[in-house]
Every structure is written in structure tokens, then in C-alpha cells.
Amino acid sequence: MNNVKSRFSIKDLENLSGIKAHTIRIWEKRYDLFKPNRTETNIRYYSLESLQKLLNISYLNSNGYKISKISKLEKQDIPRLVKEIAISKDLNNHAINAFKVSMLDFDQSLFYSTFEELIKTSTFRDVFYDVFVPFLDEIGLLWQTNTITPAHEHFIVELLKQKILIHTEKAIGNSKVINKEKTYVLFLPDNEIHELGLLFTNYELASKGFHSIYLGQSVPIDSLKFLISKYDNVTFISSFTVQPEKDDIDDYMVELTKKVLKDTNNSFIVSGRLTSFIDIGNMSKQVTVFKSTKEIIEAL
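Numbering of the sequence shown is given in this note's numbering, commencing with residue 171 and proceeding in unit increments.
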């Protein structure tokens, strides 16, 4: 079982901040910016507080502050200055750093307060594309380099889901007329659990007043057959991130076409990294493949 990290190596700091380990060591020795702890076997490690300080210093440095000047600031002045710059200039990058700290410290309050600052000046759509998407890209890299554990990823992803669901509910409430000429059914295939993009697509459909049915994770093809008996014009939307397996993907597409598309007015839209393995030349004209969630939304 993965243990939740509370100690960070200098390599972890490099992965989380984007600052090279060599540079961190120079800042540490020349300017006394960090004080690493040591294990009983004399191995250096850093606390979450050190990581947060490094993220703030990195932010100030990227906004024109020299390290020599930052090193002379009082401890409490660094986060204050970061917040001032973020509010006036670059709130998105500051928010991504705050979300990282929230994730690593399992701090829901920090996540919520950071999100509330973002939504004061941006639409939810902008927050998703400008902050959530780049943040998720960074999470993927951090997970691959063992900088974070699955527990960290699950914690923050569930918080992101909450925000999408809340804003979807608001969008549905604000839609005075629902267009039921076409029904959108959103689902993920068996054993596929990566649903943030699909959830956001559902939010966009709700915002536009379309009739959508969200089925969620790990839905067998046979479970979709009831929908085609109830609705005449269904657009199925899915995402292939880890499933179906690349060797099984064409068989999956053949089965789906046979059971829910053939001899109907229905269509199937799909995105995700595994779509590159679909043999598009042999696919039905009722199937459309996109590279990303954003492309799907722009086409709706």
C-alpha cells in the first residue's frame, strides 16, 4: 500500500515547483531560504512548509523579483506579496500552486478558498480550461514520477468533481427550456474511471439547454440498449483513457456499432488518448473521433 507522503526529497521539490534541484541547493546555501530536516540515517528531507515556501519564492522570482531581494523579506511577507501579485496579475498560476499544496496537505479549506477567489473574476468554463486542465496535466506528471501518491490524486480529483457537479446543477436550474429533439447519453466503458472530461462535457450540455443523461463510469454496452428503445435520436459520448485495451478497441467499436448504432439515427462521439488506436477507416459514419474534450464541446 502506498504511504501518504509527509516528507519530500529535493527531487520531489524539483518536480512540484519546476525549479532545478541544483538551483534549490544554491538558494538554500547562499541565501538560507530553506532548512532541510534529516532522518536518523542522515538523509535530507523537506517539509510541506518548505515546499509551500519554495512555490511562493518560485512565483515571485518568475514575476521579476530577484532571489537576493526575496531572501531579505520577512517570512510572513512572502505569501502576502504572492497574493497581492496574484490578485492583480496572475491568479491562475498562483491558484495551481495553491491547489498543489491543498492536495499534498489534504486541505479542503485551501482548495475551496482558492476556487472562490478564481470564480470571482472568471467564468467556470474559464476556470476549468485555464486552471483545472493545466493542473491535471501536472498531476499526471507528478504521479508518474512518484512525487505524489494515488491518495493525493483521488483526494484532489474528487474535489474537482464536486465543483463540476455543483455548477452542472446550477446550469440545469438556470435552463428554462430543455431541448429534447436530441438526447445526449454520456458514459465510460467497462473499467474506465477517468470521468472529469465527461463530467465537464455534461456541464456544457446543461449550460446550452440540451437534454443529457449522465451514466458515468464503467458502463457495459448492453446497458445502453434500453436508451435506444426510449429515445429516437441519441448521441452517445464517451472517453477512452485506459479502457478498452488498445488490442480490444476495434472489437469494442464493432460491438457498440452493432448494438446501439446500426439501423438507427444514433451517433457516437469519443475522445481520449486511446482513440489513436481506433481503425477509423473501418468505422461507421455514425462514429466521430475527437482528440480532446474541448474539441467535442466546440463541435456540439
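All C-beta atoms, glycine included, are put in the ideal place defined by N, C-alpha and C. Since we're looking at a predicted model, the values are computed, not measured.
If residue i sits next to residue j, beta carbons under 8 Å apart, how far is it from one beta carbon to the other, in whole angstroms?
i	j	result
Leu224	Ser187	5 Å
Ile439	Ile419	The Cβ separation is near 16 Å, so there is no contact.
His364	Ser409	7 Å
Lys429	Lys395	6 Å
Leu358	Ser388	6 Å
Between the alpha carbons of residue i and residue j, how many angstroms are there, rounded?
i	j	result
Leu470	Lys236	47 Å
Glu254	Arg177	29 Å
Lys340	Val355	20 Å
Glu210	Lys199	22 Å
Asn344	Ile266	29 Å
Glu465	Thr315	29 Å
Glu425	Leu312	36 Å
Phe204	Ser220	6 Å
Tyr299	Gly367	11 Å
Asp202	Val327	35 Å
Arg208	Lys190	21 Å
Any idea if residue i is buried or exposed, counting beta-carbon neighbours within 10 angstroms, 16 or more meaning buried?
i	result
Lys290	exposed
Asn172	For Asn172, the predicted structure reports a pLDDT of 45, less than 50, and the residue's modelled location is therefore unreliable. The matter cannot be settled from this model.
Glu351	exposed
Leu375	buried
Thr434	exposed
Asp182	buried
Gly451	exposed
Gln246	exposed
Asn212	exposed
Asn361	exposed
Have a look at the DSSP bridge pairing and note the partners of residue i.
i	result
Asn349	Phe380
Phe302	Beta-bridge pairing links Phe302 to no other residue.
Phe178	Tyr216
Arg208	Arg214
Thr338	In the DSSP output, where bridge partners are listed per residue, Thr338 has none listed.
Phe406	Val355, Phe438
Determine the closest residue to residue i out of the options, with distance taken between C-alpha atoms.
i	options	result
Asn233	Leu218, Val252, Leu221	Val252
Phe285	Leu261, Phe410, Phe276	Leu261
Ser283	Ala268, Lys245, Ser292, Ala256	Ala268
Asn231	Ser220, Tyr216, Ile248	Ile248
Pro320	Ser228, Phe276, Lys416	Phe276
Glu468	Ile196, Phe370, Asp421	Phe370
Met423	Ala256, Ser228, Val457, Phe325	Val457
Of all the CB atoms in chain D, is at least one closer than 9 Å to the CB of residue i?
i	result
Ile466	In summary, chain D is missing from the structure at hand, where a single protein chain is found.
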